[in-house]
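> Take a look at the following structure, please.
Residue numbers (the numbering used here): -17 to 606.
Dropping the structure here:
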């Protein structure tokens, strides 16, 4: 089977791109093998390399990376089922053939080797001919069989659940030695079959007459073959619903004393008409489920980690190693570094990727409600509990739970969470029955849990349970090489949302971004770029579009003039004036931060930030 890219979200949603060549290029340029009409996609974005059954993705534009399961692609091998994001599009790679049930082998039998009787669908009950020459008990039995099969089909829900028993149901009404349900409008395409009524005990695939199958699928007619007893006989009926050909039902009989006849063909075509409608409805239901899955994929489309610095490459490697296991992971990092993105990347690369992901912020929910939110409650457990409610942990059964800001979890709930991690069961608030749960726990915090343990605010035994594997997300100031990559990514994203055409970030603006220390980390950078996109008026982001704190952090030239000319002089003059005001205030306050803040009419925290941004710490130490 040729590996295929299936578009789940984006401009090409629903399309499939077989990777038939050894190199398949993807990009906005029409010269690519896969062309994506998306402004967030580079002209030559990436290339997929196929060697045998293995597929590797390689980025061609380092400033606009692709992602596999939320992590930068780089030169990464892509496995069956992996999610690939390219610009605003999400793809799934499939490397497996679409085959269900037992295999079929299509024989090259020529049409002239077996005489055929062909019946059109409109002739099944025309002029009452269905009863001609048929004994009353046979007619009564066929009618009862048709009603029995119809009732059984209408009671089944789910395409797979319907496909598998259908051929057995038919075999109870129409005597046959072998049978197959063929779901394909073209015998040359992949065939899904249910081989469920082989009474001969023969092993191996069932052989299907190509001549019969071609005629049934091409003309949507029923076919019965006759001939010598040694050759057996065949019945085949088309599955047609709402003028759409879904496939065929194929039966064979080896019994010379019970050959098929036209009555059996009419009965099989009647059953096929009922079955086709049921199959069409179930296929439509599955298509709606797939659409819902694609919409969920679009909601998660921005959950990608960006970075090419050594510390981020090391983090990506550790995520790749820890994700396949079920170990508990403690994610540590400052606020705004992207701890939830790390958690989602772990989940996306694990065996629980298609199961629920439940994120709970322990600091955002009042303590009085947090226990009920986590564990659920029984009706009447407390005032206002008018009905039973399942908790987040129960809702995440089989999936992944992220407890964000775990350091803020109240001590009583720490004890209960510890028991859940040990026993994998809990009781709802006000309940007496233990509920078993299976989930993978990821915890995140921006505080030092060891200090919290020393202060008596966090349980040591719970810390050991959480700290099986620890991942530290570096702050943005420790990965300055990633700032241009992140800035361009956010510019493309926010420009698309604001319907603006931007070519990027100017050199002067980028210098301001690089000089700033980013106390709010990646979240603050994202907000700064969004502000610049919304308020800017040129085709590039320039320093004037950035927040004032970033402009203050920008480099000052000896002449006070950069490529911005007069604009640079203006900002440099403002910076110099601020420096002089702060130094004078410190001299007047005798070196006191709080005294200087009062003289300047500023909050002490803001004064600290100004001193940091203006690089005044060394100067103030000397003056004091």
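Glycine included, every Cβ here is placed at the ideal spot set by N, Cα and C. All values derive from a computational prediction rather than experimental measurement.
Report back the beta-carbon spacing between residue -1 and residue 16 to the nearest angstrom; my notes put them in contact at under 8 angstroms.
Rounded, the Cβ-Cβ distance is 5 angstroms, consistent with contact.
> Whose C-beta lies closer than 7 angstroms to the C-beta of residue -12 among residues of the same chain, with five residues either side of it excluded?
Excluding sequence neighbours, residue -12 sits near -2, 73, 74, 76.
> If you follow the beta strand (DSSP E) that residue 41 is in, where does it begin and where does it stop?
Here the beta strand (DSSP E) through residue 41 covers 36 to 41.
> My output table needs one value for residue 575: the three-state DSSP class, helix, strand or coil.
Three-state result, residue 575: helix.
> Cα-Cα, which of 291, 511, 478, 557 is closest to residue 69?
Answer by Cα proximity: 478.
> Between which two residues does the beta strand (DSSP E) carrying residue 607 extend?
Past the boundaries of the shown model lies residue 607; the chain is included only from -17 to 606, so the question cannot be answered.
> Nearest CA to the CA of residue 154: which residue from 164, 266, 134?
Looking at the Cα atoms, 134 is the closest of the given residues.
> Considering only DSSP beta bridges, list what residue 417 is partnered with.
Beta-bridge pairing links residue 417 to 408.
> Skipping 5 residues on each side, what residues in its chain have a beta carbon closer than 8 angstroms to that of residue 589?
Answer for residue 589: 564, 575, 578, 579, 582, listed in chain order.
> Alpha carbon to alpha carbon, what distance is there between residue 286 and residue 447?
One C-alpha to the other measures close to 28 angstroms.
> Is the beta carbon of residue 313 closer than 8 angstroms to that of residue 453?
Their beta carbons are under 8 angstroms apart, which means residue 453 touches residue 313 by this criterion.
> When you compare each of 415, 318, 381 to residue 307 by their alpha carbons, which one comes out closest?
Closest option to residue 307, Cα to Cα, is 381.
> Are the C-beta of residue 581 and some C-beta of chain B separated by less than 8 angstroms?
Of the protein chains in the structure, only one exists, and it is not chain B.
> For residue 20, which of helix, strand or coil comes out of DSSP?
Three-state DSSP puts residue 20 in coil, outside helix and strand.
> Is the CB-CB distance between residue 233 and residue 216 below 8 angstroms?
Against a cut-off of 8 angstroms, the Cβ pair of residue 216 and residue 233 comes out as a contact.
> Does residue 627 come out as helix, strand or coil in the three-state DSSP assignment?
No information on residue 627 is available, as it lies outside the stretch -17 to 606 that the chain covers here.
> Is DSSP giving residue 227 helix, strand or coil here?
Three-state result, residue 227: strand.
> Have a look at 243, 486, 223 and flag the residue whose alpha-carbon is nearest the alpha-carbon of residue 214.
Residue 243 is the option with its Cα nearest to residue 214.
> I'd like the ranges of any beta strand (DSSP E) spanning at least 3 consecutive residues and lying wholly in the region 296 to 362.
311 to 314, 339 to 343, all fully within the region 296 to 362.
> Give me the residue from 4, 333, 29, -6 with the minimum Cα distance to residue 14.
For residue 14, the nearest C-alpha among the options comes from 29.
> Between which two residues does the alpha helix (DSSP H) containing residue 72 stretch?
Segment 71 to 76 is the beta strand (DSSP E) holding residue 72; no alpha helix (DSSP H) there.
> Determine the DSSP secondary structure at residue 446, reduced to helix, strand or coil.
Helix at residue 446.
> Here's a check: name, in chain order, each residue in its chain whose Cβ is nearer than 6 angstroms to the Cβ of residue 198, leaving out the five neighbours to either side.
Excluding residues within five positions, the ones whose Cβ falls inside 6 angstroms are 205, 218, 220, 230.
> Using the Cβ count rule (16 or more neighbours within 10 Å means buried), how would you classify residue 456?
Looking at its Cβ environment, which holds 16 or more other Cβ atoms inside 10 Å, residue 456 is buried.
> With distances taken between CB atoms, is the gap from residue 388 to residue 436 smaller than 8 angstroms?
Going by C-beta atoms, residue 388 is not nearer than 8 angstroms to residue 436.
> Can you tell me where the alpha helix (DSSP H) holding residue 507 begins and where it ends?
Counting along the chain, the alpha helix (DSSP H) containing residue 507 begins and ends at 503 to 517.
> Given that a residue counts as buried once 16 or more other Cβ atoms are within 10 Å of its Cβ, and exposed if not, what is residue 6?
When all chains shown are included, residue 6 counts as buried.
> Evaluate residue -6 with the Cβ neighbour count: other Cβ atoms within 10 Å of its Cβ, from every protein chain shown; 16 or more gives buried, anything less gives exposed.
Counting Cβ neighbours within 10 Å, residue -6 comes out buried, since at least 16 surround it.
> Do you know offhand how far residue 431's Cα is from residue 458's?
C-alpha separation (whole angstroms): 22 angstroms.
> Would a C-beta distance cut-off of 8 angstroms place residue 393 and residue 349 closer than the cut-off?
Not closer than 8 angstroms, so no.
> Around the C-beta of residue 321, are 16 or more other C-beta atoms found within 10 angstroms, so that it is buried, or is it exposed?
So residue 321 ends up on the buried side.
> Nearest to residue 190 by CA position, among 122, 208, 163, is which residue?
Ranking 122, 208, 163 by Cα distance to residue 190 puts 163 first.
> Would you kindly report the start and end of the unbroken alpha helix (DSSP H) that includes residue 596?
No alpha helix (DSSP H) holds residue 596; DSSP gives it neither H nor E.
> So what does residue 53 bridge to, in DSSP terms?
DSSP output for residue 53 lists 50 as bridge partner(s).
> Below 8 angstroms on the Cβ atoms is my contact criterion, and I expect residue 409 with residue 419 to pass it. Report the Cβ-Cβ distance as a whole number of Å.
Contact doesn't hold; Cβ gap of about 11 angstroms is too wide.
> Could you pull out every residue in the same chain whose Cβ sits closer than 8 angstroms to the Cβ of residue 379, ignoring the five residues on either side in sequence?
If we look at residue 379 and ignore the five residues flanking it on each side, its Cβ neighbours are 338, 419, 420, 421.
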